[in-house]
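Chains as they are written, first to last, in our numbering: chain Z, 6 to 515; chain D, 531 to 841. Just so you know, even glycine gets a beta-carbon here, dropped at the ideal spot from N, CA and C. Remember, predicted model here, so these are calculated numbers, not experimental data.
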């Protein structure tokens, strides 16, 4: 499709849109235009205000100021229903499926085909669902309960649900984060078809590649404001990232220094578990970041769980500073100085509805509560220390931690262990759902931690993270270790090769 | 896919199996139950409980609780018994209307003030129960024979009041398949999804509480027909039994799951249990102990079965 420079009136336009939560301004003076036939990307760090803007134009959040124009007319989008009736439909970051209903019922939720007597026409619903699913080139049984679907499948159902409404403006907010390449390609096809039909797309994603692949226009948000706008054809990734974070990205990952030789901090020998791990041997030195790579589901989770005492070993030994350790519950691991920052901070890592302060104190009760009661003074000092050290941006530490951006939540999940003086940090997907700028901030913090003599085991599916951050990499395959990559041999190529069992790098023997 | 289907169907046998076992024990203890009269008695005893369990199930599906079903039962008997001499048949729609208003009001407070339903209905149960006592401090009043005849009469083999249960099941079968029904299940399953999908979460909650109060009022009419009096405390035990029956019937406190057929089965279990204890010559006080034990056992079996299914 050609990109003629015809001046078409915007389908949806925001004028000086603003949203405040108490004293925090989540968005201010946001003026954006979503034009027919165009895909408009909205990018920015987490907490930059993208989601707030998206929620205002889909009726989930009411603006505190400014105006929204729909086809040139001012409108009040006071509910998702109001937005939908105009043709504005959002696919949101949070899953909005009802687990207890089937795929088909979810797709048509709220606009089901009805029979003459007002009941839901199940036959037509099933047929329409099948047709819609097939038109996307997918295979999914509409009768299946959503409960049993994979995250990627759920995300596709979300998208199908939005498509079933034939929206004039389709809003995709991080709608691709769980999708594989094939699904992204399918979605790309839909976006193109939508553009050809004169519909508009608002697109939010952390994946730079998709922004350039899908979108004609890009607006960059920072600190609640739109700071930059241009045609994507005039831009490249690097430029967009610089606009987002306002600094040069070439600094990138923190510099690696050779790990000083010395005694092993952690030594694992011939470890096997009932969860399928077999004959795992490796060591970790103080100050070292040891990356764990491999395709998903090849034992990375099981390994961390075993080290943290969640799945006891059936064979083999774990030694920490030369002492045998058989963790049978997390308390054993913690006592030995091993901490875990899990993959899903919202449900596993934090008490998401409690305050920032309570979350940070949660792992240091003994330090703050000498007589069983929390001392305000001690807790305050402890929290202030963590906030400063981890550079956590929290307007009010009494506020629920769910109000913080993902990056700041992750810093809190890490930082709350600091007072315990742990020796080994187990990390899983530490930057999932976190914007680029904060990612690098977290990498820097991890390196600083390692430099204090902590050993870090980093399990991540982002290969670039393994390459940029690890001093050494173990690649897992079928719940064993297929390769150990030494400092000179860590590259995307060697990691990927070892993930598939090809020996390209130095093969592992110890 | 098979696993997910199995999970739906697995809820039904879990509910009916204990009901069948109890029925068998009951028959062994007292073969007379197999006579038409015996079955009718059992049915009659189960009807009012069945209605309140359905009332509670409706609210549990939207992921709330209704602590006022018992108070509404009492209030209905009081209203009917105190107005029937002057209003005759009209006292029945009056009682239903009052109950529906109370239910709608509770639902509106839950939905718009966003206060947990358990708190709102605890308050409303005190208010309704207190009002019933003010209207009729001592049990009494007059109830027309025709109500009793309707409740206890059995022109078609089963008591007429049993047909009430079937009627409610039929109405529910319809409602369940409308958009309102979908909104009720979706609200309980995931309120945010329902809202983001353009459904009225408030409407679903108000509808559930109104329906619950109406069903409780119908149960009150049945009680009134059996006892022939108004009694401001007669419904007290129904609230907890309704929750027990709901759980036995396979509804989930996590919302979005539950069936009215399951609710009837849950009520049947409790009804048969009472019958068994009666024939064993045990006082009705044992009923609560037995009810509690069975509730625990049923929930444990359900949880264990689910856990196994997931593995």
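Determine, using beta carbons only, whether residue i comes closer than 9 angstroms to chain Z.
i	result
residue 704 of chain D	yes
residue 826 of chain D	no
residue 787 of chain D	yes
residue 741 of chain D	no
residue 642 of chain D	no
residue 779 of chain D	no
residue 558 of chain D	no
residue 841 of chain D	Note on residue 841 of chain D: pLDDT 43, under 50, position unreliable in the model; the coordinate value appears next. Judged by the 9 angstroms Cβ criterion, residue 841 of chain D is not in contact with chain Z.
residue 776 of chain D	no
residue 708 of chain D	yes
Who are the Cβ neighbours of residue i in its own chain at under 6 angstroms, not counting the five residues just before and after it?
i	result
residue 88 of chain Z	63, 64, 82
residue 655 of chain D	597, 598, 601
residue 138 of chain Z	145
residue 106 of chain Z	none
residue 576 of chain D	797, 798, 801
residue 582 of chain D	599, 746, 749, 768, 772
residue 80 of chain Z	73
residue 418 of chain Z	346, 350, 354, 355
State yes or no: is the C-beta of residue i within less than 9 angstroms of the C-beta of residue j?
i	j	result
residue 179 of chain Z	residue 97 of chain Z	yes
residue 769 of chain D	residue 669 of chain D	no
residue 181 of chain Z	residue 212 of chain Z	yes
residue 316 of chain Z	residue 310 of chain Z	yes
residue 414 of chain Z	residue 435 of chain Z	no
residue 463 of chain Z	residue 474 of chain Z	yes
residue 817 of chain D	residue 803 of chain D	yes
residue 731 of chain D	residue 713 of chain D	yes
residue 629 of chain D	residue 605 of chain D	yes
residue 614 of chain D	residue 659 of chain D	no
Tell me which residues share the same chain as residue i and place their Cβ nearer than 7 angstroms to its Cβ, disregarding the 5 neighbours each side in the sequence.
i	result
residue 15 of chain Z	38, 39, 40
residue 678 of chain D	755, 758
residue 199 of chain Z	175, 206
residue 147 of chain Z	107, 108, 109, 131, 134, 135, 138
residue 570 of chain D	684, 688, 689
residue 240 of chain Z	223
residue 547 of chain D	none
residue 368 of chain Z	421, 422, 425
Is any beta-carbon of chain D found at less than 9 angstroms from that of residue i?
i	result
residue 303 of chain Z	no
residue 227 of chain Z	no
residue 125 of chain Z	yes
residue 95 of chain Z	yes
residue 84 of chain Z	yes
residue 122 of chain Z	yes
residue 166 of chain Z	yes
residue 174 of chain Z	no
residue 20 of chain Z	no
residue 3 of chain Z	Because chain Z here runs from 6 to 515, residue 3 of chain Z falls outside it and cannot be looked at.
residue 119 of chain Z	yes
residue 501 of chain Z	no
I want to verify the contact list: residues of chain D whose CB lies under 7 angstroms from the CB of residue i, in sequence order.
i	result
residue 115 of chain Z	727, 728, 729
residue 65 of chain Z	726
residue 405 of chain Z	Residues of chain D passing the Cβ test: none, with the nearest at roughly 16 angstroms.
residue 106 of chain Z	715, 716, 719
Please list, in chain order, the chain Z residues whose beta carbon lies closer than 7 angstroms to that of residue i.
i	result
residue 723 of chain D	101, 102, 103
Near residue i, what residues of its chain come up, given a Cβ to Cβ distance below 8 angstroms and the 5 sequence neighbours on each side ignored?
i	result
residue 735 of chain D	592, 594, 637, 640, 641, 647, 717
residue 379 of chain Z	366, 370, 373
residue 104 of chain Z	150, 151, 152
residue 102 of chain Z	111, 151, 159, 162, 163, 166
For residue i, which residues in chain Z fall below 9 angstroms Cβ to Cβ?
i	result
residue 791 of chain D	The premise fails here: residue 791 of chain D is roughly 17 angstroms from chain Z at the closest Cβ pair, so nothing lies under 9 angstroms.
Under 9 angstroms Cβ-Cβ, which residues of chain D neighbour residue i?
i	result
residue 110 of chain Z	712, 715, 716
residue 89 of chain Z	727, 728
So is the beta-carbon of residue i under 8 angstroms away from any non-hydrogen atom of the ligand SAM?
i	result
residue 575 of chain D	Ligands are entirely absent from the displayed structure, and the ligand SAM is therefore not among its contents.
Entirely enclosed alpha helix (DSSP H) segments - the segment 306-345 of chain Z, minimum 4 residues: 335-340
Entirely enclosed beta strand (DSSP E) segments - the segment 18-57 of chain Z, minimum 3 residues: 29-40, 44-49
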